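Asks:
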Amino acid sequence: MKVIKHSFDGVIVGAGGAGLRAAIEAAPHMKLAVITKLYPTRSHTGAAQGGMSAALANVEEDNWNWHAFDTVKGSDYLADQPAVDILCKEAIDAVIELEHWGLPFSRLDNGKIAQRRFGGHTVKEGTSPAFRACYAADRTGHMILQTLYQKCVSMGVTFFDEFQVLDIKIEDGICQGVVAYELATGDIHIFETRAVTFATGGFGKIFKVSSNAHSLTGDGPGILYQKGIPLEDMEFYQFHPTGIYRLGILLSEAARGEGGILRNKDGERFMERYAPSIKDLAPRDMVSRAIATEISAGNGAGPDSDYVYLDLTHLGAETIKKKLPDITDFVRTYVKIEPIEEPIPVQPTAHYAMGGIPTDVNSRVLSDEKGTVLPGVYAAGEAACVSVHGANRLGTNSLLDIVVFGKRAGQSMVDYVTQTKPNQLSDNASNDLTKKITNLIEKEHTNEFSVAKIRKDLQDSMEENAKIFRTKETLEKQTEILEELRERYENVTIYDKGKVHNSELVEAIELDYLLDMSEATVSSALARNESRGAHSRQDYPDRDDTNFMKHSFAFKNENSANLKYRDVELGKYEPMERKY
Amino acid sequence: MDVSIKILRYDPESDRKGHWENYIVDAEPEERILDLLHKIKWFEDGSLSFRKSCAHGVCGSDAMVINGENMLACQVLVKEVGNSLKIEPIRGLPVVKDLIVDMEPFFDSYKKVMPYLINEKEPGDRERLQSPEDRDRFEDTTKCILCAACTTSCPVFWTAESYVGPAAIVNAHRFVFDSRDEGSKQRLEILKDVNGAFRCRTAFNCTSACPRGIQVTKAIEDIKRETLLNN
C-alpha cells in the first residue's frame with residue numbers, strides 16, 4: 047500500500063456547513079487542508095430545507111433572548127444556557143454574514159430577508175409562533191452549502207475531495223495528525239498537523255427509516271470514541287415528525303410553518319389535543335410522539351394503519367410553488383401524489399443527533415466529564431455536542447449551530463496554531479490503518495459475514511427497540527442484539543479486493559462506527575431513568591430534575607459504554623413544565 | 015417483479031476496456047434505481063462501484079445514463095423506466111471505475127467562471143436589500159447541485175472537452191443576474207471566449223437532463239444575450 051505524507055498546520059475533516067465555515071475562518075492564517083469523503087457540495091447540509099433562525103425582527107418584533115428561551119425550553123432544559131445565549135446572539139451576525147457572501151435568501155417586499163414560522167419558536171416566551179426562520183424557499187441548506195463552498199473557492203482553500211479520514215494520532219494527550227484513505231487509488235495519506243476539526247455530521251444510518259444520507263455514519267465521533275474520548279448525550283436522538291412514508295425523506299417543518307396540518311385517518315387535527323396553544327408547530331419530539339401515539343391507538347391511516355397525513359391542500363398552489371417547491375416535488379417524485387390536491391402520508395424519520403463529541407463553547411473537544419480540553423482537537427456541527435440542543439433541538443437551530451460553532455472552531459484552530467510550533471509525525475503513523483485494511487482485503491469473503499447483512503440487522507433492530515419510545519426491556523434486548531452484531535462484525539468480510547473506489551471496504555469500516563454509535567446510544571438510554579425531550583422511556587414517563595439535570599458522557603467499553611455525568615449549566619431560565 | 019439490469023462495468027485494475035454485465039434484481043415498482051444498484055452491490059457483487067449520498071435528488075452524486083438518458087439514479091423509480099434497464103456512466107468525462115467518472119475537469123470548468131459573489135463595497139452591518147423581483151431573476155439557476163447531468167448530455171461537450179459546458183454557464187448566470195453582484199464584466203469576458211457560451215448549439219439536451227428542472231438552455235441564451243449587450 048502506497049503511503050504519502052503531507053504537512054499542514056490545520057486539517058478540517060468534513061466539508062458540510064460546519065467544516066466549510068471553519069475553513070473560511072482558519073484558511074487566511076495557516077496552511078490548511080479540508081478533507082472530505084464526498085465532494086463538498088454533496089454534503090448533507092445541502093438537504094436542509096426550512097430555514098435558519100435569527101432574531102432579525104424583519105417581520106415582527108423579536109429579540110434574541112426570546113430565541114434563547116425557546117431553545118432552552120425546546121431542549122427540555124438540558125441545553126447549557128451560556129452556550130444557548132451565544133448561539134442565539136451570534137445568529138444575527140451569522141445570517142447577515144451569509145447574506146454578504148451572497149446567500150440568496152427569499153425577500154420581503156421591502157427587500158429585507160424573509161422570515162417564516164417554525165416549530166417551537168415563539169415571541170415573548172411562548173405567546174404566539176414567531177416569524178424567525180430566515181429562508182431561501184425550502185432549500186435553505188442547499189444555499190448555505192453552496193454559498194460557503196463558493197466563498198472557499200474564492201479564497202483558494204485547499205481541498206482533498208473523496209479522501210476519507212479513518213484515524214487520528216494523539217501522542218501524550220496532544221493531537222499529531224490524521225490518517226486518510228484516498229478513495230480513487232486506495233493510497234494511504236498521513237496528514238501531519240497539530241490542529242484538527244471534526245465536522246463529519248451525524249449518524250442517522252443507525253436507524254432503518256432516516257432522513258440522513260448514506261454517508262452519515264458517525265465517522266468523526268467514531269474515530270475519537272475508539273481513542274477513549276467520550277460521547278455526550280447520546281440517548282437524545284431526534285425523530286422528525288414528517289418523513290415521507292417508508293422512505294424517510296424529509297418534508298420540512300416549514301410546511302407546517304406555512305400552515306400545513308397533521309391529520310389522522312379520520313381527518314382529525316390531532317395536535318390540538320397534544321399542544322393546544324401552538325398545535326402543529328409544537329417541537330419535534332412532541333409531534334413525533336403524538337404521531338406514534340395516534341398510530342398505536344389505531345388512528346393511523348393506510349392498510350397497515352401506520353402513517354398520518356400532512357395536509358397542505360388548503361395552502362393554495364401559489365404558496366406551495368413559491369415557498370415549498372422542493373418538498374412538494376419530492377412528494378410528486380417518490381409518492382406520485384399532487385400535494386396541492388391530496389394529503390401526504392408521513393411518519394417520523396430518524397433525523398438528528400443532539401449528542402456527539404463533547405466540546406466547550408469554543409468548539410474545543412473535551413476528553414472527560416470534568417471538562418479537560420484535548421489540545422489541538424475541535425468539533426462542530428451535528429458531530430459535536432456543545433450542548434445547545436439539549437434533549438431536543440428546535441427546527442432551524444442546526445443551520446445556526448454549524449455556522450456559529452464552525453466559525454468558533456476555525457478561530458480556536460487559529461489561536462492554537464499561532465501559539466504552537468509545527469509537529470512531526472513518524473512514517474509508521476499509518477500502521478494501524480494499513481493493518482485494518484490489509485485484514486479486510488486478505489480475509490476470504492463469505493456471504494454470512496457481509497457488511498450489508500450486519501448493517502441491515504443493526505438498522506432493523508435499532509428501529510424496533512431504540513426509536514421514539516423506549517423501555518428497560520427493549521433497551522436490554524437491544525444491548526444483547528448489539529453484542530451479537532459486534533461478534534459478527536469481528537468476522538466481517540468484503541468481496542471487493544481492489545484498490546480503486548473500493549466503497550465496500552469503506553462501508554465495512556463505517557459499520558464499525560455505526561455499531562459504536564448504537565452502543566453508546568443504547569447504553570446512555572438505558573441508564574437514563576426518566577423521559578426528557580427526545581428520550582422517552584415508557585417505564586419512566588416523567589422528567590426527573592432531581593436526578594437527571596445532567597449530561598451523560600459515554601466512554602467506550604467492549605460492547606457497551608461506561609457512563610459518567612456532568613451537571614447542566616443553568617442560567618436565567620428555571621426549569622419548568624414543558625407545555626405548548 | 016424481476017428487473018433485468020445491464021451495467022457497463024470497467025475495473026482499471028483488471029479490464030482493458032468496459033464490458034456489459036447482466037443482473038436480475040427482485041424489485042418493487044416504487045423502488046429507486048439507486049435501491050436496485052444497492053441490492054446488487056450489497057447482496058450480489060460488492061465490487062460494483064457508483065457514487066451516492068443523499069438518495070433523494072439533492073446532493074448530485076449519482077448522475078448516470080439510464081436507458082440512454084442522463085438521470086439521478088435516486089430520483090427515478092422502477093415503474094417509470096420499466097423492467098429492462100441499461101446503465102452506463104455519464105459521457106464525456108474519463109471513466110475511473112464502473113459508473114464513477116473523473117469529476118475534476120467538470121469542477122475545473124465550474125471554478126473558471128468565478129462562481130462567487132463579487133462586490134467590493136462595504137455592505138454595512140445589516141443585509142443588503144434586494145427586491146423579490148430582483149431575487150426572482152436568478153431563482154432558477156440557484157437550484158444547481160453540480161451533478162454534471164447537463165454538461166455530460168451536451169453533444170458539444172462530448173467532442174470538445176475544452177468547452178466550459180452548461181453547468182458552468184448556469185453557475186455564472188446565478189451571479190450575472192444577481193443585483194448584488196458586480197463581477198459580471200469579468201465573467202462575461204470569460205464566457206465570450208471560444209470555449210464559452212457561444213459554443214452552445216441549443217440542442218436542449220441539458221434542459222431535458224437537469225434533475226432540478228432548471229431551464230439550462232434558456233440560462234445559456236440569457237448569458238449570450240448579456241454578452242452581446244455588454245460589448
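Protein chains in written order, with our numbering: chain A, 47 to 626; chain B, 15 to 245.
Every residue, glycine too, gets a C-beta built ideally from N, C-alpha and C.
As the structure is a prediction and not an experimental result, all values here were calculated from the model.
1. Just to confirm my understanding: we take A:D447, look at its own chain, exclude 5 residues before and 5 after, and list those with CB closer than 7 angstroms. What are they?
2. Of all the CB atoms in chain B, is at least one closer than 8 angstroms to the CB of A:E550?
3. Out of B:E235, B:K238 and B:N36, which one is the CA nearest neighbour of B:L62?
4. Any contact between the segment 136–148 of chain A and the segment 394–414 of chain A? By contact I mean 3 or more CB pairs, one from each, below 8 angstroms.
5. Mind checking who A:T246 pairs with in its DSSP beta bridge?
6. Just the chain A side, please: which residues come within less than 9 angstroms of B:M78 by C-beta, in chain order?
7. Are any of the Cβ atoms in chain B nearer than 8 angstroms to that of A:Y541?
8. Using a 10 Å radius around the Cβ and a threshold of 16 neighbouring Cβ atoms, would you call A:P287 buried or exposed?
9. Would you identify the three-state DSSP class for A:G223, choosing helix, strand or coil?
10. Measure from the alpha carbon of B:K100 to the alpha carbon of each residue in B:D16, B:W34 and B:L107, then state which is nearest.
11. Please report the distance separating the alpha-carbon of A:E228 from that of A:K482.
12. Please tell me whether A:G60 and A:T87 are closer than 8 angstroms, where the distance is taken between their beta carbons.
13. Run through DSSP, which three-state label would A:V411 get?
14. Do you know how far the Cα of B:A223 is from the Cα of B:R215?
15. In the DSSP output, which residue or residues are listed as bridge partners for B:Y130?
16. Nearest to B:A182 by alpha carbon, out of B:S67, B:Q144, B:Y130 and B:E134?
17. Any C-beta of chain A sitting closer than 8 angstroms to the C-beta of B:H33?
18. Is it true that the CB of A:I341 sits closer than 8 angstroms to the CB of A:N273?
19. How would you call A:T246, buried or exposed, if buried means at least 16 neighbouring beta carbons within 10 angstroms?
20. Using a C-beta cutoff of 8 angstroms, does B:C164 count as contacting chain A?
21. List, in order along the chain, the chain A residues whose C-beta lies closer than 7 angstroms to that of B:I114?
22. Tell me the DSSP secondary structure of A:Q161 in three-state form.
23. Which partner residues does B:R252 have in the DSSP bridge list?
24. For chain B, check one thing: does any of its Cβ atoms lie closer than 8 angstroms to the Cβ of A:T204?
25. Report the three-state DSSP secondary structure of A:M98 (helix, strand or coil).
26. Check whether the segment 360–380 of chain A touches the segment 245–264 of chain A, taking contact to mean three or more Cβ pairs, one atom from each stretch, closer than 8 angstroms.
27. Can you grab the Cα-Cα spacing for the pair B:E58 / B:V110, in whole Å?
28. Decide if B:R239 is buried, meaning its Cβ has at least 16 other Cβ atoms within 10 Å, or exposed.
29. Report yes if the C-beta distance between A:G166 and A:A328 is below 8 angstroms; otherwise report no.
30. Could you work out which residues of chain A lie near B:C168, taking near to mean beta carbons separated by less than 8 angstroms?
31. Between A:R88 and chain B, is any beta-carbon pair separated by less than 8 angstroms?
32. Would you call the segment 586–598 of chain A in contact with the segment 79–95 of chain B, where contact means no fewer than 3 C-beta pairs closer than 8 angstroms?
33. I'd like the list of long-range same chain contacts for B:C161, defined as Cβ closer than 6 angstroms, with 5 residues on each side in sequence excluded.
34. Can you find a C-beta in chain B that's less than 8 angstroms from the C-beta of A:Q196?
35. Look at the Cβ atom of A:E284, then the Cβ atom of A:D326, and state whether they are nearer than 8 angstroms.
36. Excluding the 5 residues preceding and the 5 following A:V118 in the sequence, name in chain order all residues of the same chain whose CB lies nearer than 8 angstroms to its CB.
Replies: In brief:
1. Closer than 7 angstroms at Cβ, skipping near neighbours: L133, G427 and V434.
2. A:E550 belongs to the set of residues whose beta carbon lies under 8 angstroms from a beta carbon in chain B.
3. Answer by Cα proximity: B:N36.
4. No contact exists between the segment 136–148 of chain A and the segment 394–414 of chain A.
5. According to DSSP, residue pairing for A:T246 in a beta bridge does not occur.
6. Within 9 angstroms Cβ-Cβ: nothing; B:M78 doesn't reach chain A, min ~14 angstroms.
7. It does; some Cβ of chain B falls within 8 angstroms.
8. Buried: at least 16 other Cβ atoms inside 10 Å.
9. DSSP places A:G223 in strand when its eight states are reduced to three.
10. Of B:D16, B:W34 and B:L107, the smallest CA-CA separation from B:K100 is found for B:W34.
11. Distance between the alpha carbons of A:E228 and A:K482: 15 angstroms.
12. Not in contact: A:G60 and A:T87 (Cβ atoms no closer than 8 angstroms).
13. Three-state result, A:V411: strand.
14. Cα-Cα distance, rounded: 16 angstroms.
15. The partner list for B:Y130 (beta bridge, DSSP) is empty, contrary to what the question assumes.
16. The option with the nearest alpha carbon to B:A182 is B:Y130.
17. Taking Cβ atoms only, chain A never reaches closer than 8 angstroms to B:H33, which makes this a no.
18. Looking at the sequence provided, one finds Lys at residue 273 of chain A rather than Asn. Not closer than 8 angstroms, so no.
19. Label assigned to A:T246: buried.
20. Closer than 8 angstroms: no.
21. The CB of B:I114 comes closer than 7 angstroms to the CB of H547 in chain A, given here in chain order.
22. In the structure shown, A:Q161 adopts extended strand secondary structure according to DSSP, grouped into three states.
23. Since the first residue of chain B shown is 15 and the last is 245, residue 252 of chain B is not available in this structure.
24. No, its Cβ sits nowhere closer than 8 angstroms to a Cβ of chain B.
25. Taken through DSSP and simplified to helix, strand or coil, A:M98 comes out as strand.
26. No, because fewer than three Cβ pairs between the segment 360–380 of chain A and the segment 245–264 of chain A fall closer than 8 angstroms, the two stretches do not touch.
27. Distance from the CA of B:E58 to the CA of B:V110, rounded to the nearest whole angstrom, comes to 21 angstroms.
28. B:R239 comes out exposed.
29. Contact: yes.
30. Going along chain A, no residue has its Cβ under 8 angstroms from B:C168, so there is no contact; the nearest lies around 20 angstroms.
31. Interface with chain B (8 angstroms Cβ-Cβ cutoff): A:R88 is included.
32. The segment 586–598 of chain A and the segment 79–95 of chain B do not touch, with fewer than 3 CB-CB distances between them shorter than 8 angstroms.
33. Excluding residues within five positions, the ones whose Cβ falls inside 6 angstroms are G74 and A77.
34. It does; some Cβ of chain B falls within 8 angstroms.
35. In the sequence as displayed, the identity of residue 284 of chain A is Gln instead of Glu. Result no, Cβ atoms of A:Q284 and A:D326 do not sit closer than 8 angstroms.
36. Spatial neighbours of A:V118 in its own chain (CB-CB distance under 8 angstroms, excluding positions within 5 residues in sequence) are listed in chain order as A125, Q127, V130, G436, G617 and Y619.
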